[in-house]
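**Q** With the UniProt record's numbering applied, the sequence shown covers 1 to 241.
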Amino acid sequence: MAAPFSYPFPTTLNVANFITIKLKQNNYLLWETHIISLIESQGLLRFINGDSPSPAQEIDQKGIQIINPDYTSWVKTDKLIKAWITGTLSEEVLGHAVRTKSSKELWTMLSDPFSQASEAREFEIQSMMQYHKKMESMTLTQYVSGLKTIFDQLNAIGKLVPDKTKVFLLITNLGPTYEAFSTTMLKPPVPTYSEIIPLLHSHELRNKHHKPAEVNQSMAFYSNTNNKGKDRSGNNNSFSS
Numbered sequence: 001m002a003a004p005f006s007y008p009f010p011t012t013l014n015v016a017n018f019i020t021i022k023l024k025q026n027n028y029l030l031w032e033t034h035i036i037s038l039i040e041s042q043g044l045l046r047f048i049n050g051d052s053p054s055p056a057q058e059i060d061q062k063g064i065q066i067i068n069p070d071y072t073s074w075v076k077t078d079k080l081i082k083a084w085i086t087g088t089l090s091e092e093v094l095g096h097a098v099r100t101k102s103s104k105e106l107w108t109m110l111s112d113p114f115s116q117a118s119e120a121r122e123f124e125i126q127s128m129m130q131y132h133k134k135m136e137s138m139t140l141t142q143y144v145s146g147l148k149t150i151f152d153q154l155n156a157i158g159k160l161v162p163d164k165t166k167v168f169l170l171i172t173n174l175g176p177t178y179e180a181f182s183t184t185m186l187k188p189p190v191p192t193y194s195e196i197i198p199l200l201h202s203h204e205l206r207n208k209h210h211k212p213a214e215v216n217q218s219m220a221f222y223s224n225t226n227n228k229g230k231d232r233s234g235n236n237n238s239f240s241s
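#1: Just list the alpha helix (DSSP H) runs in the segment 20 to 72, keeping only unbroken ones of 4 residues or longer that don't cross its boundaries, in chain order.
#2: Would the beta-carbon of Q153 fall within 8 Å of that of I125?
#3: Report the residue ranges of all alpha helix (DSSP H) runs contained in full by the segment 136 to 178; include only those spanning at least 4 residues, in chain order.
#4: Nearest-angstrom Cα distance between N155 and A16?
#5: According to DSSP, L94 sits in a beta bridge with which residue or residues?
#6: What first and last residue would you give for the alpha helix (DSSP H) that runs through S202?
#7: Can the beta-carbon of P191 be found closer than 8 Å to that of V161?
#8: Between which two residues does the alpha helix (DSSP H) containing K101 stretch?
#9: Is the segment 97 to 116 close to the segment 44 to 55, with three or more CB pairs under 8 Å?
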């Protein structure tokens with residue numbers, strides 16, 4: 001009889017060392033990225049995508065039905081993967097794993113509803129981001145904090161917002177009161193998001209204590225100084241890239 005096929009069985013791997021997040025209702029895409037990376041790194045992705053179906057449970061040996069050694073090996077590896085996935089589920093999600101018999105069945109049970117919910121959630125947050133504007137009744141701190149919350153929510157579902165997009169959204173939704181600031185900041189080289197936040201707050205303070213003409217002169221000074229510094233360094237950070 002041919003030797004049984006050997007299925008990988010990395011029992012020494014501690015999932016907690018690789019995945020520190022638990023799957024919740026609102027972080028499927030981020031969780032999926034982590035768990036797939038782990039399973040793929042062990043060469044076991046075929047178990048959850050259906051490329052490694054269960055071998056026959058029994059085989060014929062000289063007219064006698066015996067347990068298939070390949071089946072035994074497959075079950076051990078499949079149960080291990082299922083345990084990895086189950087170990088990364090929060091209590092609110094754990095109920096989905098109760099009646100599943102294989103890692104693929106568990107994966108399908110999770111991915112179908114959660115991926116759809118994550119896509120809907122992503123669309124909802126993206127809409128919030130596009131329509132988040134600085135209202136007259138809103139303080140600058142409230143506006144910036146609200147935008148940061150939206151960025152954090154996208155980050156939580158695995159959708160990172162590029163730095164230039166953050167800067168553009170922050171500036172363009174400030175409103176007419178900040179027109180001079182916005183015009184200056186959008187001139188290349190455009191500051192990074194971490195650079196522009198303190199500049200915006202400084203502009204707000206100057207705007208409260210000085211006349212508009214003085215504020216505009218200050219912005220012009222920043223623009224000229226920044227351009228000279230960037231010209232010397234050879235950098236040209238703009239939205240054109």
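Built from N, CA and C at the ideal position, the CB exists for glycine as well.
**A** According to the data block:
#1: For the segment 20 to 72, the continuous alpha helix (DSSP H) assignments of 4+ residues that do not extend past its boundaries occur at 28 to 41 and 45 to 49, in sequence order.
#2: What you label residue 153 is simply residue 153 of the sequence shown in a count that begins at 1. What you label residue 125 is simply residue 125 of the sequence shown in a count that begins at 1. Yes, these two residues count as a Cβ contact at 8 Å.
#3: As far as the segment 136 to 178 is concerned, its whole alpha helix (DSSP H) runs of at least 4 residues are 140 to 156 and 163 to 172.
#4: Stepping through the sequence shown from its first residue, residue 155 is reached at position 155. Stepping through the sequence shown from its first residue, residue 16 is reached at position 16. If I take the Cα positions, the gap works out to 21 Å.
#5: By one-based count along the sequence shown, residue 94 stands at place 94. Answer by DSSP bridge pairing: none, since L94 is not bridged.
#6: Within the sequence shown, numbered from 1, the residue matching residue 202 stands at position 202. Segment Y193 to H209, the alpha helix (DSSP H) holding S202.
#7: In the sequence shown, residue 191 corresponds to position 191, counting from 1. In the sequence shown, residue 161 corresponds to position 161, counting from 1. With contacts defined by Cβ atoms closer than 8 Å, P191 and V161 do not form a contacting pair.
#8: As a working mapping, residue 101 is identified with position 101 in the sequence shown. Careful: K101 lies outside any alpha helix (DSSP H) and carries neither H nor E.
#9: Flag = yes, the segment 97 to 116 and the segment 44 to 55 touch.
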